[in-house]
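At position 36 of the sequence shown the residue is numbered 36 (the UniProt record's numbering), and the sequence of numbers has no breaks.
Heads up, the thing below is written out as structure tokens.
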Amino acid sequence: MKYLLFTLIALYIISCRQTPSKVNVSKEKIVDKSIIGILPYDSTEKWAFENGKQAELTDNDFVIIEELLESRINSYNNHQQKRYNKIKAKHPEYTLRKEDFIIDLKVYKRQYVAITNSKGEKEVWVNCFCDIFNENWKKDIVIVLDGGNCYFNLKINITKGTYYDLMVNGDA
């Protein structure tokens, strides 16, 4: 009985020491920063973050952001592929374009607004777009109405390795 109790206590202590892996960060991954604009955080504009302080991004942060972005978009694309197939099967008379459903990250520019939130966690608002109509996209936030999946944004908590608030624009 003492041996069983000792084993259970030892297992409990060992399991409490382990930290869950949040993101498998690839050391070999290279992020193309030429497609990224880093924009300053403006605390007077509440649309991205309610509260925070400007944060700097490290090379490792860029890798984490890219991997989380890819993960979220892969999940979104799986759902959209099923939606596309369902609509196409139900309405073969519709002229549907798969690219109107699926996001191909290779063709998107990105804008990052990085903050440290009130809990001390580093977060970034990621704004993505595939049409460039403003040459100052590395300095000015690109905001459009409609535009379909050519425009989307989400928030990433780098510290926690999580993403949330994916917003994909609709079509008019």
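Every residue, glycine too, gets a C-beta built ideally from N, C-alpha and C.
Model, not experiment: these values are computed from the prediction.
By the Cβ test, the stretch 100-115 is in contact with the stretch 134-152, since at least three Cβ pairs between them sit closer than 8 Å. For Y151, the enclosing beta strand (DSSP E) stretches over residues Y151 to N157. Burial state of W47 is exposed, judged by a 10 Å Cβ sphere holding fewer than 16 other Cβ atoms.
The three-state reading of DSSP puts F62 in helix, counting H, G and I together. Relative to K139, the option among K90, Y112, Y163 and N157 whose CA is nearest is Y112.
According to DSSP, residue pairing for Q80 in a beta bridge does not occur.
About 7 Å separates the beta carbons of F49 and W125, which is inside the 8 Å limit, making them a contact pair. Assigned with DSSP and collapsed to three states, E123 falls in strand. Under the DSSP assignment, K109 falls in the beta strand (DSSP E) whose first and last residues are K109 to T116. C130 sits close to Y108, with the two beta carbons spaced by under 7 Å. Under the criterion of beta carbons closer than 8 Å, V142 and N157 do not qualify as touching, at roughly 23 Å.
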